[in-house]
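Please read the structure below before turning to the comments.
Numbering (our numbering), first residue to last: 91 to 963.
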């Protein structure tokens, strides 16, 4: 197939970065939250390349991808921009939304029919947010999207079914009914959001509170008093004033920070940082354990401290009596309605599962309803109740099927509100927006949170409806073939594709879960409990359980495999979780092999920097009977992702192409010949990827595929003595080869004369580009540098914590006083003969044990000189 011979990977990477770096993500990403979506451009490339023959015209292929220029030109334009030259943009649309002529699309249909002799069927058995099936459907292909999680199935329905079935008209009808829904909501809720005439409330900022241990009064936990800190604009803060220790009263004054008249010289001191707090009244320290204990006893509250308003421009003010009265009235109304609502299933009563991606459970947030403050929960309950009342009217006017589709989209409007209107939502002072809770892949505890003014014009519910329905309309507008069919969406485990016959699928393209990268069911339960109450009756088989089914969820989930509810036994639980992940992935790949034609290809997308994750993936593929035929790293990850930030993460998605391994492949022997072939394949791949500008982690993981192409030719691989050789050994050999290649590259710049410790430090930055990394990566680099990790810890260069190690900074290694050369030898030995005592350094030391010690001392001199110079000004 074409993907086995050629792929314009660099140009696809440029377009993927354009897709995700402009601040306006593709419409599927804005329709509803789903995690770890693949870019549309690489998804379309994987689908096309897996179905088109190798001789298909390459220029036509690039036009099918939506390229506005030949791929090589796109890469050159990106390189020019990266050099600092401002071109004013690319001058053509982003690939995913670019128009494609019907003539070009006709060529795809003709090529597919000619090559396969029948209508091709494309399968994504783990479809998630729907990038792969959406792109296949837009090309006019016959597609099946299978997904285990009901929330993802609901997202798929609105992404790859409804737009192809009803088009833009459904969005217009949904917008009409959203207006009716909003009007009924406003009648019931308007009094709880007091208006101010010309200055309209746009949002509210709250702080979590715990009792001050000295006064007993609720004291706020505020990590940053900033209200607005946009680039190039005044820094606006909330200054706490009128603090009364006796009554616990306090308010804020809105101030600018600066050096002008009437301005604060610096922002007010935080009352919460890194899990601990300080009393606003007495400045007594509140330990993290104390804060958690208060929360678990039900004594953590919340306090409104700033109101966001909008007239001509956005402004801020302290809360007034009417604001507190409205909150109290909303809380009383919720208390009145809550018993009936819980009995009728209007609001969730389900307990939350305490998983390893949860950082809020220990703060007393143990039910899904407790994810919301009272007014937020009241608003959500009213929206559910009014939607239920409205649904019969919608169905009567639009018909059963289209009416159900309208309700589906309105349920997503509610989900958008819920994501941006809970106690984990965040007021983002640098952008002036309330961010949703899922800017991270976990449930982070927020000491402060934002609340939408749900009834205000242009805010709250009106914003959520416009956001969701605009995204739906944009999906329906995406260029596509003239004759397209809705995608077949089926819910179930990828380990049992019972709806599909043996050999019925032409190509499988899949983006599987990446080990422990995302705990999908734990996160999706936030939406599951609400979708069950809004559209659960449309698919009762999807929403039959209390929370999302997860028995067949292929992720490394330590919490579900921990027999002890405490954190004890974590190592054993991790082992069980890894084995279960590998079992499920092998079963899923075996099922893909069953439904795939003998001459079809499987294309797998994978992004992970850990060797262990790659080992499990390859083990599952090989055990299922596949052999690797091609590998293409494509840079897809946004460098602005908070989940990726400050990690030495892989930024490329690796496309692994595999075929069914032929019967009788035999036994391969892991001797010098195979190991040499693996090393050569890995080195050549790393060198090629380095020349293409991929980062060092991507060079490392991009070499695993070519190494596995050698290993996976055989049904099994054994040593010369007949012992089975695990996949892990071959991956380690590939990783060693890449590191050795990096060392040889560095040697041309004089690394041969560098001592072992300093060589290790250089390798950490050159190979991994990071200060913190996994222990197994430290072992690999240590072996290459000629040192054991324990020796590096003893030397004071590394700090080990759990499965991670961290290079200590110059400041962290600083000693209080300088020492003489004699003291150096007495304490640490001579250079190259160190004693087991952790070394520290001082900028005034007479001699240095290693080159890295000297570098750290020079760095300290520069830092301290800079601090001294600043203090004098």
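The C-beta atom is built at its ideal place from N, Cα and C for all residues, glycine as well.
Every value quoted in this text rests on a predicted model; they were computed, and no experiment measured them.
Burial check for residue 136: the Cβ neighbour count within 10 Å reaches 16 or more, so the residue is buried.
Membership of residue 560 in the alpha helix (DSSP H) is indicated by the continuous run 550-567.
Three or more Cβ pairs closer than 8 Å define a contact, and the region 557-564 meets that threshold against the region 258-267. Three or more Cβ pairs closer than 8 Å define a contact, and the region 237-256 meets that threshold against the region 575-595. Per DSSP, residue 163 is not a residue of any beta strand (DSSP E); the alpha helix (DSSP H) it occupies stretches across 161-172. The Cβ atoms of residue 448 and residue 284 lie no closer than 8 Å to each other.
Membership of residue 815 in any beta strand (DSSP E) is not indicated, and neither H nor E is assigned to it by DSSP.
In this structure, the CA atom of residue 327 is about 22 Å from the CA atom of residue 510. At a cut-off of 3 residues, the continuous stretches assigned as beta strand (DSSP E) that sit fully inside the region 594-669 are 595-600.
For residue 341, the enclosing beta strand (DSSP E) has its first and last residue at 341-347. The region 350-390 contains, as complete alpha helix (DSSP H) runs of 4+ residues, the segments 378-386 (chain order).
The residues 439, in chain order, have a CB closer than 8 Å to that of residue 432 in the same chain once the five nearest residues on each side in sequence are set aside. Taking C-alpha positions only, residue 374 is separated from residue 940 by approximately 45 Å. CA-CA distance, residue 443 to residue 390, rounds to 21 Å. In the DSSP assignment, residue 725 falls within the beta strand (DSSP E) that extends over 716-725. Taking every protein chain shown into account, the CB of residue 527 has 16 or more other CB atoms within 10 angstroms, so this residue is buried. If the five residues before and after residue 817 are omitted, its C-beta is found closer than 8 Å to the C-beta atoms of 705, 708, 709, 712, 798 and 801, all from its own chain and listed in chain order. Residue 946 carries a helical assignment under DSSP once its states are collapsed to helix, strand and coil. Shortest Cα-Cα distance from residue 636 to any of 623, 648, 647 and 643 involves 623. Membership of residue 114 in any alpha helix (DSSP H) is not indicated, and neither H nor E is assigned to it by DSSP.
Contact annotation, residue 212 with residue 226: C-beta distance approximately 5 Å; criterion of less than 8 Å satisfied. For residue 335, there is no enclosing beta strand (DSSP E), as DSSP marks it with neither H nor E.
Where residue 747 is concerned, the enclosing beta strand (DSSP E) starts and stops at 742-750.
Distance check between residue 755 and each of 118, 807, 103 and 761 places 807 closest, using alpha-carbon atoms only.
Taking C-alpha positions only, residue 318 is separated from residue 535 by approximately 22 Å. Residue 718 places its beta carbon less than 8 Å from that of residue 748. Ranked by Cα distance from residue 698, the first of 473, 607 and 677 is 607. Between residue 108 and residue 119, the gap from beta carbon to beta carbon reaches 8 Å or more. A straight-line Cα-Cα distance of about 32 Å links residue 470 and residue 379. DSSP, read as helix, strand or coil, puts residue 692 in strand. Taking the C-beta atoms as reference points, residue 715 is found nearer than 8 Å to residue 683.
One thing to note: residue 94 has its Cβ no nearer than 8 Å to the Cβ of residue 149. Three or more pairs of CB atoms, one per stretch, sit closer than 8 Å, so the region 332-341 contacts the region 302-320. Using a 10 angstroms sphere on the CB of residue 679, the tally of other CB atoms reaches 16 or more, which defines it as buried.
For the pair residue 943 and residue 787, the Cα-to-Cα distance works out to about 26 Å.
Taking the Cα positions, residue 586 is about 24 Å away from residue 805.
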